[in-house]
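*Asks:* Take a look at this one; I'll ask things after.
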Amino acid sequence: MIELRSDTFTLPLPEMLETIQYAVLGDDGYSEDPTVKQLEELAANKLGKEAGVLLPSGVMANLASMMAHCPRGTKVLVSNESDIYIYEAGGASVCGGLIYEPITTSSDGCLAIDELRKAFPWDTQDPQYAHPALICLENPHNRMGGKVLPISYLQEVRQFADEKKVPIHMDGARIFNAAIALDIPVEQIAKFSDSVQFCLSKGLSAPLGSVVVGTHVFVEKVRWIRKMLGGSMRQAGVIAAPGIYALTNMIDRLEEDHQNARRFANGIAAIPGIEIDVSEVETNIVIFRVSERRVNWITFIEEARIRGLQLTEFGYGRIRAVTHSGINSEDIDRAIRIIRDILA
Ligand SMILES: Cc1ncc(COP(=O)(O)O)c(C=O)c1O
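For what it's worth, this note's numbering labels the leading residue of the sequence shown as 20, then goes sequentially.
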């Protein structure tokens, strides 16, 4: 089966699993797991932040970050197409007493400053308004096709956030894909946000875990909220060890995933009945549509699955394919052939 539904399907390499066997472990609830500490320091250094904290998932990392930044009853400004808003079970409202303010997202994944501005009450002294306490950015932006937010935009939104005196949290689940796409060190992306969460799973191919980075004070607050949410772990070095392997060995190879995504996009663009703009492919995510009237997206995905190719529906009849470490260029060529056969 060629698995293109998501990079969350990546399996740990044998070398990664081996690191678990030799990891020095302790009770991280007592801050005594040296492998976890090593991972947290490595992550903070890489992203140019003071400190880091390991959490079990990206969802919890985003939730704990939002709760750490925002007092109850305040608003979190989120992309209306973001993972936080669409796929994270409304956690910030339920657990954090926060109000999501969905902001219309531009096709490049940015939240236009004029759109953000609308979320701020014109009279900050008027007690009837809930106040914005945080801007969340997603980079790369998954539902916008893995688009990388331009550095010029990050500068602009930082300036706006400073003007409004609100922090920025970046859901950088795939931030290393963004850094590879821009060919810059990841800290040059992270520096525009007060906090960043990134996933060790997904493209980096560790089995689980996410890290939140930020100031010492902020990270300690996330640690406290992590405990409250039940995400404080014991011998979590078994998660951290493959995470260290991932941060050391799996970043540069993301370029291969990007090349495979472009190969796939170019390949299917030549097939009559496929609608795709190949210039939109910036990272490892490819979004396309089936314009052939005989086949709708449901039957197309089912037919592909029967023939050995897994794809996923992605809202508004769009189809998503995601490349990752479990996929090579031959898999991509086979995937293209399967799609050609379905539409023949
Ligand atoms: C952009 C983005 N943020 C956060 C998450 C949440 O990660 P997880 O589901 O691993 O907790 C995902 C998951 O796919 C994601 O794509």
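Beta carbons are placed, not taken as given, at the ideal position from N, Cα and C, and that holds for glycine.
1) Which value, in whole angstroms, describes the spacing of the CA atoms of ILE39 and ASP202?
2) Considering ASP133, what are the terminal residues of the alpha helix (DSSP H) in which it resides?
3) Count the CB pairs spanning the segment 91-98 and the segment 120-127 that are closer than 8 angstroms, and state whether there are at least three.
4) Would you decide whether LEU30 is buried or exposed? Buried here means 16 or more other CB atoms lie within 10 Å of its CB.
5) Could you tell me how far apart the beta carbons of ALA70 and VAL238 are, in whole angstroms, since I believe they sit closer than 8 angstroms?
6) Taking all protein chains shown into account, decide if ARG368 is buried (16 or more other Cβ within 10 angstroms of its Cβ) or exposed.
7) Under a three-way DSSP split, which group does PHE237 fall into?
8) Please report how far the alpha carbon of ASN196 lies from the alpha carbon of ASN161, in whole angstroms.
9) With DSSP as the reference, label TYR119 as helix, strand or coil.
10) Leaving out five residues before and five after GLU311 in sequence, what residues of the same chain have Cβ atoms less than 7 angstroms from its Cβ?
11) On the DSSP letters alone, give me the boundaries of the beta strand (DSSP E) that LEU156 sits inside.
12) Consult DSSP for ILE293 and reduce its assignment to one of helix, strand or coil.
13) Pull the bridge partners of PHE217 from the DSSP assignment, please.
14) Between LYS221 and ligand 3, is there a pair consisting of the residue's CB and a ligand heavy atom that are separated by less than 8 angstroms?
15) Could you check the C-alpha separation between ILE290 and ARG359 for me, to the nearest Å?
16) Considering only the beta carbon of each residue, do LEU74 and VAL231 sit closer than 9 angstroms?
17) Report the partner residues of SER98 according to the DSSP bridge assignment.
18) Can you find at least 3 beta carbon pairs, one from the segment 156-173 and one from the segment 99-106, that sit closer than 8 angstroms?
*Replies:* By the coordinates alone:
1) As a position in the sequence shown, residue 39 is number 20, starting the count at 1. As a position in the sequence shown, residue 202 is number 183, starting the count at 1. Roughly 31 angstroms between the two C-alpha positions.
2) Mapped onto the sequence shown, residue 133 falls at position 114. First-last of the alpha helix (DSSP H) with ASP133: 132-137.
3) yes
4) As a first step, residue 30 must be located in the sequence shown, where it is residue number 11. Classification of LEU30: exposed, given that the 10 Å Cβ count is below 16.
5) In the sequence shown, residue 70 corresponds to position 51, counting from 1. In the sequence shown, residue 238 corresponds to position 219, counting from 1. That pair is a contact at about 4 angstroms.
6) Because residue 368 is not part of the residues shown, which for the chain are 20 to 363, the question remains open.
7) Within the sequence shown, the letter at position 218 stands for residue 237. Reduced to three states, the DSSP call for PHE237 is helix.
8) Here residue 196 corresponds to residue number 177 of the sequence shown, with the count starting at 1. Here residue 161 corresponds to residue number 142 of the sequence shown, with the count starting at 1. Their backbone Cα atoms lie some 11 angstroms apart in a straight line.
9) Numbered from 1 along the sequence shown, position 100 holds the residue referred to as residue 119. Note: TYR119 maps to strand in three-state DSSP.
10) For the purposes of this step, residue 311 is taken as residue 292 along the sequence shown, with counting starting at 1. Taken in chain order, the residues that qualify are GLY292, LEU362.
11) As a position in the sequence shown, residue 156 is number 137, starting the count at 1. Start and end: 151-157.
12) Indexing the sequence shown from 1 puts residue 293 at position 274. In this structure, ILE293 counts as strand in the three-state DSSP scheme.
13) Reading the sequence shown from its first residue, position 198 is the one you call residue 217. Its beta-bridge partners are VAL230.
14) Ligands displayed in this structure: ligand 1; ligand 3 is not among them.
15) For this step, residue 290 is matched to residue 271 along the sequence shown. For this step, residue 359 is matched to residue 340 along the sequence shown. Going by the C-alpha atoms only, they are around 6 angstroms apart.
16) What you label residue 74 is simply residue 55 of the sequence shown in a count that begins at 1. What you label residue 231 is simply residue 212 of the sequence shown in a count that begins at 1. Result yes, Cβ atoms of LEU74 and VAL231 sit closer than 9 angstroms.
17) Here the question's residue 98 lines up with position 79 in the sequence shown. DSSP output for SER98 lists ILE122 as bridge partner(s).
18) yes
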